[in-house]
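Contents: one structure, followed by commentary.
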Amino acid sequence: MNRIEIKTTSRNQMVDITSKIAENIPGKFDGIVIVYVPHTTAAITINEGADPSVRIDMLYLLSKLAPQNDSYSHMEGNADAHIKAALIGNSVTIIVEKGNMIMGTWQKIFFCEFDGPRTRKILMELIAR
Amino acid sequence: MNRIEIKTTSRNQMVDITSKIAENIPGKFDGIVIVYVPHTTAAITINEGADPSVRIDMLYLLSKLAPQNDSYSHMEGNADAHIKAALIGNSVTIIVEKGNMIMGTWQKIFFCEFDGPRTRKILMELIAR
Amino acid sequence: MNRIEIKTTSRNQMVDITSKIAENIPGKFDGIVIVYVPHTTAAITINEGADPSVRIDMLYLLSKLAPQNDSYSHMEGNADAHIKAALIGNSVTIIVEKGNMIMGTWQKIFFCEFDGPRTRKILMELIAR
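Residue numbers (my numbering), protein chains in the order written: chain A, 22 to 150; chain B, 22 to 150; chain C, 22 to 150.
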């Protein structure tokens, strides 16, 4: 298992971590890689990486669906972040062939920060075919 | 593969099943565990377990996003439950080292009931590294 | 790894691909199958297959949560499709025993098109227990 550390700089932010994952996969590995976020106010997703406006729209719409202020019970002011994390999910699984993640042309792996800025951890595990 | 049975007691409910999963993992196992819900009106997620208000907020907001009554076609009165299940997802994958699930400090595994009360099944499978 | 190709016929559509996945699983295989969508405006989910109205309701509600027209930055007119894809997720993992996917009675695997009609690819990988 590998642990990767990243620092986020905003309350809501999507950070492209594709190359950080790729560099921890051995050259001839065949199987799958699990990328797992051990936090409850952050998530991980795979989506379009070419146009940064897609990330802006995604964070905008998530904040519309789960506003920061609503009739929440949780008193820490980050109930919205927990809900966004549950909607997006805390892990992704990617197929690996000969050390390369088999992803679509436009796909990148994004760490989603919903209660930053913070220092965050990402776990990854390789399971051979 | 293991099958775990739980009984839910409300229409919408999040049940912490972390210890039920943990007790089915052999002591020295290294790899991943897949936790899978074979139902279409229930889901599984990993989120904060310490403060019960997070679960209250999550169920509250999901019911705002997918209200029980709307212009639905499905006539069984549980269209909202199917939609919530799709938004949250029906499986999670967790990394295991030496028999221990490697999760964040605040993370717990929750079975999400959206059309209870019912008796429900959860499947789990271990895949060695 | 297998690649499956499908053609969608509407902008928003859920296509049952369960049998296409099943026919690529060898008869005595034990482990898991990962079904992965390499697109950023499509997704994959497991939900009820018996009553087609569930799919209608799901697409209806997703379009309410992420309307096609909103204050989006992305100029290609499909920001909603990227967001729906992130909400539903781009892969599912299913347990396989003796060549059979262990799913619930009502569960089917659905490819979710959010920016069709298009020709789309689905990847699948088997990981033995």
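Virtual Cβ for every residue (Gly too), placed ideally from N, Cα, C.
Neighbour-count burial assignment, residue i, 16 or more Cβ in a 10 Å radius
i      : result
B:A100 : buried
A:N121 : exposed
A:E44  : exposed
B:S112 : buried
C:E69  : buried
B:E146 : buried
C:A107 : buried
C:A149 : exposed
A:E134 : buried
A:T30  : exposed
B:D136 : buried
A:D78  : buried
A:G110 : buried
A:K129 : buried
C:N33  : buried
B:T114 : buried
B:V28  : It should be noted that the sequence gives Lys, not Val, for residue 28 of chain B. So B:K28 counts as exposed.
B:R141 : buried
C-beta neighbour in chain C for residue i, strict 8 Å
i     : result
A:D78 : yes
A:S92 : no
A:I46 : no
Short CB-CB distance (under 8 Å) between residue i and chain A
i      : result
C:I23  : Per the sequence shown, the amino acid found at residue 23 of chain C is Asn instead of Ile. No, no contact with chain A.
B:S40  : no
B:I143 : no
C:I104 : yes
Within chain B, the residues that residue i reaches when beta carbons sit closer than 9 Å
i     : result
C:I65 : Simply none; closest approach about 10 Å.
Contacts that residue i makes with chain C (C-beta to C-beta distance below 7 Å)
i      : result
B:N111 : I67
B:T61  : N68, E69, G125, W127 and Q128
A:T29  : Ordered by position in chain C, no residue passes the 7 Å Cβ test against A:T29, which lies about 18 Å from the chain.
Integer Cβ distance of residue i from residue j, believed to fall under 8 Å
i      : j      : result
B:I116 : A:L144 : 6 Å
B:V58  : B:I67  : That belief does not hold up - the Cβ atoms of B:V58 and B:I67 are roughly 13 Å apart, past 8 Å.
B:F132 : B:A87  : With 8 Å as the limit, B:F132 and B:A87 do not qualify as a contact, their Cβ atoms being about 18 Å apart.
C:H95  : A:D72  : 6 Å
C:E97  : B:M22  : With a Cβ gap of about 43 Å, C:E97 and B:M22 do not count as contacting.
B:K105 : B:L83  : 5 Å
B:I42  : B:V54  : 7 Å
C:M163 : C:L80  : It is not possible to answer for residue 163 of chain C, since the shown part of chain C is limited to 22 through 150.
B:V56  : A:H103 : At roughly 19 Å, the Cβ-Cβ gap does not stay under 8 Å, so B:V56 and A:H103 are not in contact.
Contacts that residue i makes with chain A (C-beta to C-beta distance below 9 Å)
i      : result
B:R154 : The shown model of chain B, from 22 to 150, leaves out residue 154 of chain B, and the question about it has no answer.
Where residue i meets chain B, residues with beta-carbon distance less than 7 Å
i     : result
C:I53 : I55, E146 and I148
The ligand ZN heavy atom lying under 7 Å from the CB of residue i
i     : result
B:H95 : Among the ligands in the structure shown, none appear at all, so the ligand ZN cannot be discussed.
8 Å Cβ cut-off: residues of chain C touching residue i
i     : result
A:S74 : Y93, S94, H95, M96 and A100
Chain B within 8 Å of residue i, Cβ atoms only
i     : result
A:L82 : no
A:A87 : yes
A:A43 : no
C:E26 : no
Any C-beta of chain F under 8 Å from that of residue i
i      : result
B:C133 : No chain F appears in the structure shown, which is made up of the protein chains A, B and C.
>> Short of 7 Å Cβ to Cβ, which residues in the region 120-140 of chain A face chain C?
In response: I123, M124, G125, W127 and Q128
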